[in-house]
Structures are given as C-alpha cells and as structure tokens.
Amino acid sequence: APGLYIVATPIGNLGDITARAADVLARCDLVACEDTRVTGKLLNHLQIRKVMRRYDDHASAEVRERLLGEMAEKSVVLVSDAGTPLISDPGYRLVREARERGIAVTSLPGPSAMVVALTLAGLPTDRFLFGGFLPSKDKARGDVLGALAAVPATLVFYETGPRLVASLEAMAQHLPGRDLAVARELTKLHEECRTGSAAELIAHYTAHPPKGEIVLLAGPAPEAAAPQGEDVDALLRAALAQASPS
Ligand code: SAM
Numbered sequence: 007a008p009g010l011y012i013v014a015t016p017i018g019n020l021g022d023i024t025a026r027a028a029d030v031l032a033r034c035d036l037v038a039c040e041d042t043r044v045t046g047k048l049l050n051h052l053q054i055r056k057v058m059r060r061y062d063d064h065a066s067a068e069v070r071e072r073l074l075g076e077m078a079e080k081s082v083v084l085v086s087d088a089g090t091p092l093i094s095d096p097g098y099r100l101v102r103e104a105r106e107r108g109i110a111v112t113s114l115p116g117p118s119a120m121v122v123a124l125t126l127a128g129l130p131t132d133r134f135l136f137g138g139f140l141p142s143k144d145k146a147r148g149d150v151l152g153a154l155a156a157v158p159a160t161l162v163f164y165e166t167g168p169r170l171v172a173s174l175e176a177m178a179q180h181l182p183g184r185d186l187a188v189a190r191e192l193t194k195l196h197e198e199c200r201t202g203s204a205a206e207l208i209a210h211y212t213a214h215p216p217k218g219e220i221v222l223l224a225g226p227a228p229e230a231a232a233p234q235g236e237d238v239d240a241l242l243r244a245a246l247a248q249a250s251p252s
C-alpha cells in the first residue's frame with residue numbers, strides 16, 4: 007500500500023534484519039536512504055534490487071517535496087545506514103510532514119544501538135535518558151553533562167573512538183561517582199561491554215584506544231543524592247530545557 011514505511015536495519019550483524027523488514031524492502035517501490043552504497047550492500051545481501059534515493063534532514067525542500075508527492079501512489083521505505091531511522095539519524099522532518107498531509111506512516115521495529123547497550127550494561131533501565139551524541143567541544147560537552155547531572159536516570163550517549171577518553175574525563179568531572187559503561191561494536195565480532203568507574207575506564211581506553219562504534223552510559227546519581235518523587239518531573243524539565251541541542 008502507498009505511504010511511508012520506517013524500517014530498522016541491522017547495526018552490524020546482518021542476521022538481525024527482521025522477516026518483516028526484508029518483506030517490505032522486497033515489495034516497496036522506492037528506498038530512501040542516507041547513503042546508497044551502504045543500503046545497496048544490505049539490499050544485495052537480501053538479493054533485492056530497488057530504486058534508491060538519497061535523503062537526509064538537510065535535504066532541500068524540493069527533495070523532500072518530491073518524496074512526499076510520490077507517497078500518494080508509491081510505498082516509500084526510509085532506512086538509515088544502520089539501526090532505527092530517526093534515532094540520531096535522519097527522518098523526523100519527513101515523518102512530520104507526511105503526518106501533516108495525512109499520508110499513512112508505519113514503523114517496522116528492529117535494532118537500535120542504544121537499546122542493545124542498555125540491555126548489556128547492567129545499569130538501571132527503569133528510567134533512562136538518551137542524549138544522542140555529546141558535543142565535541144569541551145565547554146559544550148561539560149555544559150550538557152552538568153545540566154544532566156541532576157536527572158535521576160541512566161544516561162545514554164552515542165560516541166566515537168577518538169572522543170571516548172575526553173568524554174570519560176568530562177564524566178569524571180561532571181558526574182562524579184557514577185557507574186559507567188562502554189558498549190562497543192555491538193552485534194559484531196568484537197562486541198565488548200566494559201563497566202567501571204571513570205578512572206578505570208580512562209586507564210583502560212588510554213592504554214587501548216578504542217576502535218569502532220560506541221555507546222557510553224552513566225548510571226544514575228548514587229541514592230543519597232537522588233531526588234524524591236515529584237521533584238523528578240521538575241528536574242527532568244529543567245535539565246532538558248538546558249541540554250537541548252544547539
Ligand atoms: N540509528 C542508529 C541506531 O538506531 O542505533 C544510530 C545512528 S548514529 C548516526 C551512529 C552511532 O550509533 C555510532 O556513532 C555509535 O555511537 C552508535 N552505534 C551504531 N551501531 C553501533 C554498534 N554496532 N555498536 C555500538 N554503537 C553503535
């Protein structure tokens with residue numbers, strides 16, 4: 007049926023494609039993707055040949071307009087390079103505009119690195135805040151962590167190898183005493199999840215500079231400092247207002 011299909015794809019292990027995702031990819035009219043080479047490899051693996059179109063949220067209004075126009079008669083799949091579209095990946099503008107125009111939008115769930123990391127790290131999962139990528143500049147990163155320090159939840163960030171130690175050092179300063187976790191190369195051959203204090207993880211990753219893709223997590227503030235009951239909503243609102251991305 008025509009409309010927009012948001013389709014999650016593997017974050018490393020191609021076996022994680024769902025049966026539904028493979029079926030919708032095989033039957034759709036058009037695949038919108040971040041990088042036609044990356045998505046081309048996935049389609050090859052599935053022995054599917056499709057028209058692909060590059061799309062990201064910085065695409066011009068005309069590119070988005072054309073895709074939205076096609077959704078009237080065609081089934082358009084949105085995928086990103088890996089994982090769930092819209093999660094630190096393009097798509098939210100497309101979904102918003104599709105909804106505004108009454109286009110049918112549906113989402114096929116699958117892997118997302120932040121969820122995989124949460125299930126591995128052994129940190130509390132009853133409440134968590136996904137912070138996307140931390141800023142790369144020291145000052146901005148410190149401001150974000152400082153604002154989130156009061157949030158009584160596990161904090162989850164996407165990170166890259168070259169920046170990991172600097173982010174751990176910032177956590178040592180702004181989130182003292184927390185249990186931290188580094189989840190790396192999830193679902194791949196060299197999958198690793200390492201937990202410890204900031205000092206322990208800094209020592210390890212300084213000696214062994216990390217390769218590959220990383221999720222960095224910080225457990226909630228230790229109990230004594232944790233706020234109670236109704237403070238939580240107010241704190242979350244205040245922290246989110248301060249930490250909103252530039
Ligand atoms: N949409 C994706 C998802 O649902 O996970 C995330 C896209 S974001 C542009 C890419 C970041 O996700 C990487 O820099 C890394 O922080 C994280 N990531 C993706 N795949 C990963 C993996 N296999 N292991 C660890 N982190 C991963």
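In UniProt numbering, the protein residues as written are 7 to 252. C-beta atoms are modelled at their ideal positions from N, C-alpha and C, and glycine is treated no differently. All of these numbers come straight from a predicted model, not from anything done at the bench.
Check: residue i C-beta below 7 angstroms from any heavy atom of ligand 1
i, result
"A67", "no"
"R26", "no"
"A88", "yes"
"E198", "no"
"D62", "no"
"I12", "no"
"E165", "yes"
"M177", "no"
"M120", "yes"
"V30", "no"
"E206", "no"
"D132", "no"
"L192", "yes"
"D41", "no"
"A189", "yes"
"V157", "no"
"I22", "One detail in the question is off: residue 22 reads as Asp in this sequence, not Ile. No - ligand 1 has no heavy atom lying nearer than 7 angstroms to the Cβ of D22."
"S173", "no"
"S94", "yes"
"I109", "no"
Between the CA atoms of residue j and residue i - distance to the nearest angstrom
i, j, result
"A189", "A119", "9 angstroms"
"V13", "E219", "21 angstroms"
"S173", "V44", "28 angstroms"
"E175", "L207", "10 angstroms"
"A7", "E165", "38 angstroms"
"A178", "R105", "43 angstroms"
"S252", "S94", "Any reading at S252 needs caution, since the residue's pLDDT is 44, under 50, leaving its predicted position unreliable; the model's value is listed next. Between S252 and S94, the C-alpha separation is close to 14 angstroms."
"L223", "L186", "6 angstroms"
"D35", "P117", "23 angstroms"
"D87", "I17", "8 angstroms"
"T160", "Y211", "22 angstroms"
"R33", "G46", "16 angstroms"
"F139", "L124", "16 angstroms"
"A240", "D149", "19 angstroms"
"C199", "Y11", "32 angstroms"
Local conformation of residue i per DSSP, three classes
i, result
"I12", "strand"
"M77", "coil"
"I220", "strand"
"A184", "Contrary to the premise, residue 184 reads as Arg rather than Ala in this sequence. Correct three-state label for R184: coil."
"Y211", "helix"
"G113", "A small fix is needed here, since residue 113 is Ser in this sequence, not Gly. S113 falls in the strand class under three-state DSSP."
"G89", "strand"
"E68", "helix"
"Y98", "helix"
"G225", "coil"
"R55", "coil"
"G46", "helix"
"R60", "strand"
"G200", "Contrary to the premise, residue 200 reads as Arg rather than Gly in this sequence. Three-state result, R200: strand."
"L20", "helix"
"A7", "coil"
Selected residue, minimal CA-CA separation from residue i, among the options
i, options, result
"G9", "D239, I23, P141, V83", "V83"
"T112", "V101, V122, E106, V121", "V101"
"L154", "C199, P182, G18, G75", "P182"
"R133", "P91, V162, D149", "V162"
"C39", "R60, A156, A213", "R60"
"S81", "I109, G97, G202, E71", "I109"
"K217", "D239, R243, E68, L170", "L170"
"P228", "A88, L73, S203, E103", "S203"
"E68", "G148, I54, E103, A127", "E103"
"E76", "V150, P141, I23, R107", "R107"
"A247", "N50, A156, L31, R184", "A156"
"A205", "V57, T131, F139, R184", "R184"
"V30", "D144, L52, A146, P215", "L52"
"P130", "A32, L48, P158, T193", "P158"
CB contact check: residue i to chain B, cutoff 8 angstroms
i, result
"V171", "Here there is only one protein chain, and chain B is not present."
What beta strand (DSSP E) runs, 3 residues minimum, are completely inside the segment 140-197? 160-166, 186-190
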